[in-house]
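One structure below.
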Amino acid sequence: MALKPADTHQRFTDVQYEPNKLLLPVSGYQNTPLVSLEQAIEPVKDLIDEDVSTKVYIAKRNCKTPKDGLTQDESASIQLYTMECDEHEQSLYYVLNKTLRMEDRKKLTVWFYYLKLLLTALWKLPCEKKIIYRGVNGNSSENFNFGDDVAWWGFSSCTESLNVLEAEEFLGKSGVRTLFNIECCNGKVIRNHSFYKAEDEVLLMPATQMVVVGKVSPAPGLYIIQMRELENPTVILLKPPFSKETGTPIHKSFQPKLSVTEPKAQAASDAEKAKKDRTDDKQTSTHYKPKQEDAVIVETKEISKQAKELVTKLKLNMTGPYLYLNHFENLSIKDAQAIADGIRVTTSAQHMYWMKPNKLSRESMVCVLEALKINHSIVSLTMSGGEIPDWLEIILEILLVNKTLKHLSIIEGAIKNDNQVKLIANALKEKKILTNLDLEKNQISDEGIGYLSELLNVNKRLKVVL
Numbered sequence: 000m001a002l003k004p005a006d007t008h009q010r011f012t013d014v015q016y017e018p019n020k021l022l023l024p025v026s027g028y029q030n031t032p033l034v035s036l037e038q039a040i041e042p043v044k045d046l047i048d049e050d051v052s053t054k055v056y057i058a059k060r061n062c063k064t065p066k067d068g069l070t071q072d073e074s075a076s077i078q079l080y081t082m083e084c085d086e087h088e089q090s091l092y093y094v095l096n097k098t099l100r101m102e103d104r105k106k107l108t109v110w111f112y113y114l115k116l117l118l119t120a121l122w123k124l125p126c127e128k129k130i131i132y133r134g135v136n137g138n139s140s141e142n143f144n145f146g147d148d149v150a151w152w153g154f155s156s157c158t159e160s161l162n163v164l165e166a167e168e169f170l171g172k173s174g175v176r177t178l179f180n181i182e183c184c185n186g187k188v189i190r191n192h193s194f195y196k197a198e199d200e201v202l203l204m205p206a207t208q209m210v211v212v213g214k215v216s217p218a219p220g221l222y223i224i225q226m227r228e229l230e231n232p233t234v235i236l237l238k239p240p241f242s243k244e245t246g247t248p249i250h251k252s253f254q255p256k257l258s259v260t261e262p263k264a265q266a267a268s269d270a271e272k273a274k275k276d277r278t279d280d281k282q283t284s285t286h287y288k289p290k291q292e293d294a295v296i297v298e299t300k301e302i303s304k305q306a307k308e309l310v311t312k313l314k315l316n317m318t319g320p321y322l323y324l325n326h327f328e329n330l331s332i333k334d335a336q337a338i339a340d341g342i343r344v345t346t347s348a349q350h351m352y353w354m355k356p357n358k359l360s361r362e363s364m365v366c367v368l369e370a371l372k373i374n375h376s377i378v379s380l381t382m383s384g385g386e387i388p389d390w391l392e393i394i395l396e397i398l399l400v401n402k403t404l405k406h407l408s409i410i411e412g413a414i415k416n417d418n419q420v421k422l423i424a425n426a427l428k429e430k431k432i433l434t435n436l437d438l439e440k441n442q443i444s445d446e447g448i449g450y451l452s453e454l455l456n457v458n459k460r461l462k463v464v465l
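If you use numbering that gives the first Met the number 0, the sequence shown corresponds to residues 0 to 465, in order.
Okay, structure coming up:
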């Protein structure tokens, strides 16, 4: 028997085996009693790796002191799921997922004891909202179109780290490949229980339902599909691992439905609320159904290549925490509008910088900064240099409505006169969300310093740097 790390990529790259259709819900297993891992595996021993008993022993030894409130058997059931064997198609996860994807639900009955144990363990873990990735070799983009509803019937292994997928034993950095960028709301972080902890694995439950919100090809041979998990799907395709009568302890962040339900209004995410604010659409829907404006930009006749690349990263949450706008020269209105659309929906960028811009018009600057009235992830804004156009009016408007901005830096000559200082100080007397105001390397007179002193007497939590 061998456990080969180099083979573990198979769990992350098996999207091509998912059936392109709805199947019957996964149910029936929830009435099966909880048993030990040894007992749970007994009915399927003939279907999987002949060394599975040894793997069970290893998993249970590794899980003597399980985390997250799981029992030893529950934690070990997750670790066993992540283990590979020499013959890939004999791996437990491979055979189980193949069965979950079959139309004939009777073939799933032999797996009920293991499913009960594994899903009970996963149900106890908190549901995580985050951006995760999985991928497949080849071009699968033709199978996913904007607005499509998608259900993945097997357990879906994803990772929080793009570096994992870009490793040679996974997808690599060359050749034709498709990357799935998934905004999940019920992801299960299994690092504490996986046999391969370095993979940063996040597991999506069987029958997870999603919607395609965009696709793009940012480089030759690379296709990116952006998907969003449905928070309140119309039909529940995976029944929870307990009956109504008995129940089982689960993490408080997960509130499962016990049967097929009528459509209910869904609480919109921050990004969706932002779009509703712009369109004044006050209606809710059963689940988030994207509008064309939400799609990742693929038509680029009117915007520059530089802007297209940034907007794609913004909408796919691939910018990282730092967003720099310094490198745009003579930013056009079309580019500014596209960048603003990306900023409105991104959740990855946290710190925005506009340092000594080159030929920046006030109209383009205002167009971009308007997005901060809606964005809920950016916590700091830095604008520097005398090249910054008149910023006062738009910054005052942002301070009036933005509830997440904590640090504002207007530095190195961006302040032109004491009147700007006065109006900013007056605004921050009323709006006390900001914690840091950085005005370094500006020519501020004693009059301006007086306005700031008055501000600090009123706003005790604010720190001002001159």
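Where a beta carbon is used, it is the ideal one built from N, C-alpha and C, also for glycine.
What does DSSP give as the partner residue(s) for residue i in the beta ladder?
{"i": "glycine 213", "result": "Gln225"}
{"i": "alanine 150", "result": "Gln208"}
{"i": "glutamate 493", "result": "With the chain covering 0 to 465 only, the question about residue 493 has no answer from this structure."}
{"i": "isoleucine 409", "result": "Met382"}
{"i": "cysteine 126", "result": "DSSP lists no partner for cysteine 126."}
{"i": "tyrosine 80", "result": "BP columns for tyrosine 80 are empty, so no partner."}
{"i": "cysteine 157", "result": "Val201"}
{"i": "glycine 186", "result": "Glu127"}
{"i": "threonine 403", "result": "Paired residues: none, contrary to the question."}
{"i": "asparagine 357", "result": "Glu328"}
{"i": "tyrosine 321", "result": "His350"}
I need the straight-line Cα distance from residue i to residue j, nearest angstrom please.
{"i": "serine 347", "j": "lysine 129", "result": "10 Å"}
{"i": "glutamine 29", "j": "glycine 134", "result": "31 Å"}
{"i": "threonine 247", "j": "leucine 117", "result": "Confidence at threonine 247 is low in this model, with a pLDDT of 45, below 50, so the placement of that residue should be treated as unreliable; the coordinate-derived value is given next. If I take the Cα positions, the gap works out to 13 Å."}
{"i": "alanine 426", "j": "leucine 391", "result": "11 Å"}
{"i": "leucine 465", "j": "valine 212", "result": "45 Å"}
{"i": "aspartate 293", "j": "lysine 97", "result": "Summary for aspartate 293: the model assigns pLDDT 39, below 50, so the residue's position carries little reliability, and this model does not support an answer."}
{"i": "leucine 107", "j": "lysine 44", "result": "14 Å"}
{"i": "threonine 403", "j": "aspartate 50", "result": "53 Å"}
{"i": "alanine 413", "j": "tryptophan 353", "result": "11 Å"}
{"i": "lysine 314", "j": "tyrosine 132", "result": "14 Å"}
{"i": "lysine 431", "j": "lysine 405", "result": "9 Å"}
{"i": "valine 215", "j": "glutamine 38", "result": "47 Å"}
{"i": "proline 232", "j": "leucine 124", "result": "21 Å"}
{"i": "lysine 105", "j": "glutamate 17", "result": "19 Å"}
{"i": "glycine 27", "j": "glycine 68", "result": "25 Å"}
{"i": "glutamate 86", "j": "lysine 312", "result": "38 Å"}
{"i": "leucine 454", "j": "phenylalanine 327", "result": "35 Å"}
Taking Cβ to Cβ, would you say residue i is nearer than 9 Å to residue j?
{"i": "glutamine 237", "j": "threonine 207", "result": "The sequence shown places leucine at residue 237, not glutamine. Cβ atoms of leucine 237 and threonine 207: closer than 9 Å."}
{"i": "isoleucine 223", "j": "proline 217", "result": "yes"}
{"i": "leucine 359", "j": "proline 388", "result": "yes"}
{"i": "serine 331", "j": "isoleucine 377", "result": "no"}
{"i": "asparagine 316", "j": "glutamate 182", "result": "yes"}
{"i": "valine 163", "j": "glycine 186", "result": "no"}
{"i": "phenylalanine 11", "j": "serine 140", "result": "no"}
{"i": "serine 76", "j": "glutamine 9", "result": "no"}
{"i": "isoleucine 409", "j": "leucine 368", "result": "no"}
{"i": "leucine 433", "j": "leucine 461", "result": "yes"}
{"i": "lysine 115", "j": "proline 240", "result": "yes"}
{"i": "glutamate 396", "j": "asparagine 357", "result": "no"}
Going by Cα to Cα distance, which pick from the options is closest to residue i?
{"i": "lysine 20", "options": "Asp147, Ser74 and Leu36", "result": "Asp147"}
{"i": "asparagine 401", "options": "Ser26, Asn416, Glu49 and Arg343", "result": "Arg343"}
{"i": "glutamate 102", "options": "Glu230, Glu386 and Val25", "result": "Val25"}
{"i": "tryptophan 151", "options": "Asn316, Leu22 and Val367", "result": "Leu22"}
{"i": "glutamate 230", "options": "Pro240, Val210 and Val215", "result": "Val210"}
{"i": "glutamate 83", "options": "Glu392, Tyr93, Glu411 and Thr31", "result": "Tyr93"}
{"i": "valine 365", "options": "Gln336, Ile432 and Ser35", "result": "Gln336"}
{"i": "glutamate 198", "options": "Asn144, Pro240 and Gln78", "result": "Gln78"}
{"i": "glutamine 15", "options": "Leu455, Asn136, Gly447 and His326", "result": "Asn136"}
{"i": "serine 193", "options": "Lys307, Leu121 and Leu407", "result": "Leu121"}
{"i": "threonine 81", "options": "Leu33, Lys123 and Tyr195", "result": "Tyr195"}
{"i": "glycine 384", "options": "Thr434, Ala370, Leu436 and Asn325", "result": "Asn325"}
{"i": "lysine 66", "options": "Asn458, Ile189 and Asn416", "result": "Ile189"}
Look up residue i in the DSSP assignment and say whether it is helix, strand or coil.
{"i": "lysine 196", "result": "helix"}
{"i": "arginine 100", "result": "coil"}
{"i": "glycine 449", "result": "helix"}
{"i": "aspartate 437", "result": "strand"}
{"i": "tryptophan 390", "result": "coil"}
{"i": "threonine 70", "result": "coil"}
{"i": "alanine 348", "result": "coil"}
{"i": "valine 163", "result": "helix"}
{"i": "alanine 264", "result": "Only weak support is given to the placement of alanine 264: the predicted model assigns it a pLDDT of 35, under 50, and the value that follows is read from those uncertain coordinates. Coil."}
{"i": "threonine 53", "result": "helix"}
{"i": "leucine 237", "result": "strand"}
{"i": "threonine 311", "result": "helix"}
{"i": "isoleucine 338", "result": "helix"}
{"i": "serine 26", "result": "coil"}
{"i": "asparagine 136", "result": "strand"}
{"i": "phenylalanine 111", "result": "helix"}
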